[in-house]
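Residue numbers (the numbering used here), protein chains in the order written: chain A, 209 to 623; chain B, 209 to 623.
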């Protein structure tokens, strides 16, 4: 299929897209094809006004009273409830709070405490690094010799699940190659050995439907700033299965996790609900942006979202596939949609510079060391025509070796 | 002195006030005398526009690129540097991050690790509860039997400092009664016994000058939303003395504390600078509000700030002192300015309802269980005339028993 035909097909797909109206609910700059919503989601149009109202009316005018009158105090629960629907979680099992790293610290500490007699934590070498770093930090602080064992490939994981494993801690969709684990099957395999399971949903929540309840997951965490569009550094979330609530405490035992924070008792009495997983005072401005961003999910059909995500990925893989081998690009994302998330990644010899050249041409994806170029497919605001056009521009950059330009070799603090 | 004379004196004091121009840099509602800046600081006028710019231009238009182009990635260090000046800290010793509770978890974990052979943590029963809760959480997780010993009165602390104490952990200014510890003397007494000291500056930073370097403090933490005016749930801060940087790691070892976060290594290699005390992705919207709020401190003479704070407290104590005994109000804040922060508190039998009646009359302070009414004195935006008028209204409420009205008995979620 040549690009002209692809573009015609893409336009037809856009006309038939049941989600196409969502594009207008986002601010997106002219001249940009944004394929990085898996790193920072685009801005929902109503967020700016909502935050301005919170700053001007609630903080500026009502001042301290807004903790009650604007119900700031329950923002973590309110936002959590909106996220819960997208990830198949019951009411009262999700709160928005802190960062993904800190939330992992909480639930991993709790899981290791629950499964106290065991010594291993299983994860993957290619898990997102902060998850591994946090596991190191938790294990060191507990000081009981917990060992982090890392699978080199997903297929190795089931064989590593033995009776000395306390926790299996996986990111559902891999941040580099977009590989997606079978959540239900791995959770069951782990439970069969008495292992607790923590799922990191950073690249899942808002990208596709998830069923934590159906999979019988123990804990989950995830971030607010990717497919959920909560803004840079948005509050993260965490899920705790009801069977693990109440019986013990996570160690970041700040006052918002207390049974009665405003009694100002000198001893900690943990809330017996999901609120025990809160810690300090919630960041209201960031929470309000997140709350507003979550509002548009009320209208999203998650099955349609997933169908479009698969189709966008398939279109890009097909278009790039026509020239990838000519320029040393290797698809590292599974072809089988059942095994992938909502991104398409290639290994690429001049990956960093190639991505810089793409960005200069208005196609924004990102680079992940050592050699991966990533393209995130966000069904709420991407069109098929854009995805087809991105492939055309990528081909042109590779064919003209535009990536050789010196300005594309210079690395920023953040890649 | 009757109220008329007090009002004339107050107006004269306002005319002579070198900080009076700062009032215009805050949004404050008409008809309100705001004596709760020690709970939530007022809104600096430029914050709304700055956050709107970050949302619209940086997030909306520049998208992911703003991590570099707007230098979002270094916000924790930039904001930290602005706070450092107010608390007598050197460059490279302060970052803005997370919440006060989480920052205490980090530095207390580090301090207990540094002073590994010792078993006690000393604090006060009347410390702000979340500090005590976090100490419980840290001790439980480390699991080496650390014991939290709480002084019943400040005078008891020196006698509790023995060779088995690992950490002395105090809030510089007490949240209820406004009592202020002698930071230099207690730090020295602790160091003489080999004890590390953590100072909580929640009710100090932005209320008066502090000299952490001069006091030779080991660690400090504090919040951004009180006297620093960073907004509800603003990022907190932490200080680590240079002698404690680099040698060990705090356990919340997220990717922003890694030596090279964007190398995406699977093993944690801690930054050897203050950055090791960062954890997850910084909350950009909240950080930007905080950064903007900190800008006005460039122009503040901290000695003048303290002088006005003392004078505001003295005026209120004098005015309320004229009728306090008639209505069962007891001053619980030290009369000696050397022993207090920037608030005035009374125990009061109908404290909760009295405060509600005050708020209904436009005088906003707050209540702290079981019976304390608090009045925070924020020198940047309060006038002497307002403070004198607040005393007049308090007297009227007490004299007319306005606090008996049923609507003032109903408690909100947040008191």
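For glycine and all other residues, C-beta sits at the position ideal for the given N, C-alpha and C.
Just so it is clear, the structure is predicted and the values come from calculations on it, not from any experiment.
- At a cut-off of 9 Å between beta-carbon atoms, residue 502/B makes no contact with chain A.
- Around the Cβ of residue 396/A, a 10 Å sphere holds fewer than 16 other Cβ atoms; the residue is exposed.
- Contact annotation: residue 434/B and residue 268/B have beta-carbon atoms that are not nearer than 9 Å.
- With a contact defined as Cβ atoms closer than 8 Å, residue 384/B and residue 334/B qualify at about 6 Å.
- Per DSSP, the beta bridge partners of residue 429/A are 408/A, 446/A.
- By the CB criterion at 9 Å, residue 345/A and residue 458/B fall inside the cutoff.
- The criterion of a C-beta distance shorter than 9 Å is satisfied by residue 347/A and residue 355/A.
- Look at residue 298/A here: in three-state DSSP terms it is coil, with no helix or strand label.
- Just so you know, the alpha carbons of residue 461/B and residue 338/B end up roughly 22 Å apart.
- Counting along the chain, residue 357/A sits inside the beta strand (DSSP E) bounded by residues 355-359.
- Between the alpha carbons of residue 406/B and residue 446/B lies a gap of roughly 10 Å.
- Residue burial annotation: residue 608/B is exposed, with fewer than 16 other C-beta atoms found within 10 angstroms of its C-beta.
- Of all alpha-carbon atoms in 510/A, 400/A, 550/A, 455/A, the one lying nearest the alpha-carbon of residue 525/A is that of 550/A.
- A distance below 6 Å between beta-carbons, with the five flanking residues on each side excluded, links residue 262/A to the following residues of its chain, in chain order: 496.
- Residue nearest to residue 284/B within the set 563/B, 411/B, 265/B, 311/B is 311/B (criterion: CA-CA distance).
- By the neighbour-count definition (other C-beta atoms within 10 Å, threshold 16), residue 614/A is an exposed residue.
- For residue 328/B, the beta-bridge partners assigned by DSSP are 355/B, 373/B.
- When beta bridges are read from the DSSP output, residue 416/B appears opposite 413/B.
- In the three-state scheme derived from DSSP, where H, G and I count as helix and E and B as strand, residue 247/A is classed as coil.
- Using a Cβ distance threshold of 9 Å, residue 531/A and residue 552/A do not count as a contacting pair.
- Around the beta-carbon of residue 306/A, 16 or more other beta-carbon atoms lie within 10 Å, marking it buried.
- For residue 500/B, the closest C-alpha among the options 258/B, 365/B, 218/B is that of 258/B.
- Between residue 236/A and residue 508/A, the C-beta spacing is not below 9 Å.
- In the structure shown, residue 394/A falls within a helical segment according to DSSP collapsed to helix, strand and coil.
- The beta carbon of residue 467/A is closer than 8 Å to those of 477, 478, 479, 480 in its chain, skipping five residues each way along the sequence.
- From the beta-carbon of residue 576/B, the residues of chain A found nearer than 7 Å are 472.
- Close to chain B, meaning a Cβ-Cβ distance shorter than 8 Å, are the following residues of the region 341-359 of chain A: 341, 342, 344, 345, 346, 348, 349, 350, 351, 352, 358.
- For residue 349/B, the uninterrupted alpha helix (DSSP H) run begins and ends at 337-350, by DSSP.
- Annotated three-state conformation of residue 262/A is helix, per DSSP.
- Ranking 585/A, 563/A, 382/A by CA distance to the CA of residue 575/A puts 563/A first.
- With contacts defined as CB atoms closer than 9 Å, residue 465/B and residue 436/B fail to qualify as a contacting pair.
- Counting only residues of its own chain and dropping the five nearest sequence neighbours on each side, residue 616/B has a CB closer than 7 Å to the CB of 561, 564, 565.
- With respect to the 9 Å criterion, residue 233/B and residue 588/B are classified as neighbours on the basis of their beta carbons.
- Within 7 Å of the CB of residue 396/B, no CB atom of chain A is found; the nearest one sits about 27 Å away.
- With respect to chain A, the C-beta atom of residue 323/B has no partner C-beta closer than 9 Å.
- CA-CA distance, residue 523/A to residue 595/A, rounds to 7 Å.
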